[in-house]
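Novice:
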Amino acid sequence: MDTEVYEVAILGAGLAGLGMGMKLKMAGEESFVILEKEDRVGGTWRDNSYPGASCDVQSHLYWFSFDDQPDWSRVFALQPEIQANIERLVARRGLNHHIRLNAEVTEAVWLEDSGHWLITTLTGEQVRSRAFVAAWGQLNRPSFKGIEGREHFDGISWHSARWRHDVDLTGKRVASIGNGASAVQFIPEVAEVAGHLSVFQRTPNYCVPRLDRPYTEEERRMFLEDPAKLRESRDGFYWEHEGWIGAMKLEDNPVAQEFTRLAREHLESQVPDPELREKLWPKYPIGCKRLLIADTFYPALMRDNVDLVTERIDRIEAAGVRTADGRLHEMDVIIYATGFETLSFIGHVEIIGRSPRSWPPRRGEGVSLRDAWREAPEAYLGMTVSGFPNLFILYGPNTNLGHNSIIAMLECQFDYVLKAVQAAQQKGAALDLKPEVLEHYNAQLQDELRNSSFAGNCNSWYKTPDGRITNNWSGSVEDYRARTADLDLSDYELVPATA
Ligand code: NAP
27 MDTEVYEVAI
37 LGAGLAGLGM
47 GMKLKMAGEE
57 SFVILEKEDR
67 VGGTWRDNSY
77 PGASCDVQSH
87 LYWFSFDDQP
97 DWSRVFALQP
107 EIQANIERLV
117 ARRGLNHHIR
127 LNAEVTEAVW
137 LEDSGHWLIT
147 TLTGEQVRSR
157 AFVAAWGQLN
167 RPSFKGIEGR
177 EHFDGISWHS
187 ARWRHDVDLT
197 GKRVASIGNG
207 ASAVQFIPEV
217 AEVAGHLSVF
227 QRTPNYCVPR
237 LDRPYTEEER
247 RMFLEDPAKL
257 RESRDGFYWE
267 HEGWIGAMKL
277 EDNPVAQEFT
287 RLAREHLESQ
297 VPDPELREKL
307 WPKYPIGCKR
317 LLIADTFYPA
327 LMRDNVDLVT
337 ERIDRIEAAG
347 VRTADGRLHE
357 MDVIIYATGF
367 ETLSFIGHVE
377 IIGRSPRSWP
387 PRRGEGVSLR
397 DAWREAPEAY
407 LGMTVSGFPN
417 LFILYGPNTN
427 LGHNSIIAML
437 ECQFDYVLKA
447 VQAAQQKGAA
457 LDLKPEVLEH
467 YNAQLQDELR
477 NSSFAGNCNS
487 WYKTPDGRIT
497 NNWSGSVEDY
507 RARTADLDLS
517 DYELVPATA
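Below, the structure written as structure tokens:
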């Protein structure tokens, strides 16, 4: 069977992959395919359907600026509304016929002779493409790291991103292991129905007010009828978030102080018990771990049927959770809100690039991307890697934020990738990043990151156990926009592509 040939193949039909598809269409490029491993689009918004799931960024800001805004029902939309709007977008923008569901990419190989990527799926289907865009996300492989004995539990358990909607929690003894951004959203919902809920906290987090509310009918009509008002609302949220950047800096500054004060006031106004307060108050600088934005988490902890367990978990046993003090916490259900495997980026996909130009390969250069990233994942502007021509990563290494919307970062990436794809087409060549560009970029980036709050004295999913920050960007979105505004072809070796 002949393999189908496209200009661009995109891995993943989450917001990154879909946004890239929209941008290609808007530029008149129809020769692209989006390969999605699941049977539905939506990425993280498909996966995270736990009760109370919603976006921590205001709806108006959590949508593409180049698309019509949906008629959002509230300031911070809940997951079902976001997922429905993503599915509507796919239909509205004619992306359906570009998407292949149940098409899990297992391998992508650079074909030196033709200058194409050959992409293979789990079912053995193959496509060839001039460019390969990996939009695989950072937060989709559930992690259970450090939890021993899960297999011995006699009750029912699941990860927060694989919610068991078929299990009725009414009256049950439930454990939530973890208290991160996912847990604080479902804890208030579970607490309403569970007989008892134990929240196992290893590290406390800073939490600031959310101030969510439904939009009034009048506001919704106004946003629908007056695009200027919508833009004003979106811009207002964007610049407010950009102003938070100080809270992502290690040195003491007024924004970090203001956020710390806000978090303390929030805690004091919602948690009257001084002993509990101190258990909930972090000992690391604000911004070091993901800031929580929640109004209902602390009140849920105040309920008679909820307790906070700060004793370290020793292991999971048949009857429940055994803590280091020897106590067995008997449970019917354990919910693992233990986050994601965020450091490898690559998941199970095997990506094979050019043969290394130097032997042994220099840092960041290798036959497989896994090999190139053996020390740590790194990519120029989070998007390109030496030795992998015309491979573009969306939401790649060092492009996560602690202070603003990832959609805004993605939009910078779409524009950069589009320019690169067009340049490759015009030149009849593939763009391979020069190793020295990556080396210089990374040295500077890691240097800047040393002054970020992510480098503070906390553990987080942003960094490796030895402290290298692999996931987060060092500055504001505006800094990233400036860095990605132009495609400088001199950063790249042009590899002839006969395709
Ligand atoms: P997470 O932030 O990584 O939190 C995982 C939680 O599990 C932490 O409390 C962690 O404790 C705990 N944990 C992990 N392993 C443990 C162990 N062995 N023993 C005890 N506790 C353990 O994961 P998440 O809450 O799923 O959130 C991940 C990211 O997804 C967020 O940071 C955010 O970027 C995104 N997210 C966004 C939204 C939104 O916009 N609304 C909602 C949910 C998630 P430690 O803190 O001690 O590691």
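The sequence shown begins at 27 in this note's numbering and counts up by one. The beta carbon of each residue, even a glycine, is placed where N, CA and C say it ideally should be. The structure presented is a predicted model; accordingly, all values stated were derived computationally and were not measured.
#1: What span of residues does the beta strand (DSSP E) with Glu133 cover, start to end?
#2: Sorted by chain position, which residues of the same chain lie with C-beta nearer than 6 Å to Gly408's C-beta, five sequence neighbours on each side aside?
#3: Can you round the beta-carbon distance between Gly175 and Ile342 to whole angstroms, since I take them to be within the 8 Å contact cut?
#4: Ignore the nearest five residues each way along the sequence and tell me which others in Pro83's own chain have a CB closer than 6 Å to its CB.
#5: Suppose you measure from the CA of Gln152 to the CA of Asn498; what does that come to, to the nearest Å?
#6: Give me the DSSP bridge partner(s) of Arg154.
#7: Assign Asn166 to one of two classes, buried (16 or more other C-beta atoms within 10 Å of its C-beta) or exposed (fewer than that).
#8: Tell me where the alpha helix (DSSP H) around Leu327 begins and ends.
#9: Taking the C-alpha atoms as reference points, what is the distance between Asp5 and Ser224?
#10: Determine the direct distance from the alpha carbon of Thr368 to that of Arg396, and round the result to whole angstroms.
#11: What number of angstroms, rounded off, separates the C-alpha of Ala350 from the C-alpha of Asp340?
#12: Which residue from Gly272, Pro308, Met357 and Val135 puts its Cα closest to that of Ser479?
#13: Given 8 Å as the limit, is there contact between the segment 471–490 and the segment 101–114, that is, 3 or more CB pairs closer than that?
#14: Are there 16 or more other CB atoms within 10 angstroms of the CB of Arg239, so buried, or fewer, so exposed?
#15: Could you pull out every residue in the same chain whose Cβ sits closer than 6 Å to the Cβ of Ser183, ignoring the five residues on either side in sequence?
#16: Taking 7 Å as the threshold (C-beta atoms), are Ala161 and Ile319 in contact?
#17: Is there at least one non-hydrogen atom of the ligand NAP closer than 6 Å to the beta-carbon of Gly454?
#18: Could you give the first and the last residue of the continuous alpha helix (DSSP H) run that contains Tyr362?
#19: Does the distance from the C-beta atom of Arg494 to that of Cys438 stay below 7 Å?
#20: Take Gly45 and list the residues in its own chain whose beta-carbon comes closer than 7 Å to its own, dropping the five residues that flank it on each side.
#21: Spatial neighbours of Val463 within its chain, please: C-beta separation below 7 Å, excluding the five flanking residues on both sides.
Specialist: Taking the geometry as given:
#1: Val131 to Leu137
#2: Gly422, Pro423, Asn424 and Thr425
#3: 4 Å
#4: The question names Pro, but residue 83 is Val in the sequence shown. Once the five neighbours on either side are set aside, the close Cβ partners of Val83 are Ser431.
#5: 33 Å
#6: BP columns for Arg154 point to Val31 and Leu144.
#7: buried
#8: Phe323 to Leu327
#9: Examination of residue 5 is not possible in this model, given that the chain is present from 27 through 525 alone.
#10: 14 Å
#11: 5 Å
#12: Here the closest residue by C-alpha is Gly272.
#13: no
#14: Exposed, because fewer than 16 other Cβ atoms sit within 10 Å of the Cβ of Arg239.
#15: These residues qualify, in order along the chain: Ile360.
#16: no
#17: Of the heavy atoms belonging to the ligand NAP, none sits nearer than 6 Å to the Cβ of Gly454.
#18: Looking at the DSSP string, Tyr362 is not in any alpha helix (DSSP H); the run it does join, the beta strand (DSSP E), is Val359 to Tyr362.
#19: The answer is no: Cβ separation not under 7 Å.
#20: So the list reads Phe90, Leu436 and Phe440, once near-sequence residues are dropped.
#21: Tyr406 and Asp517
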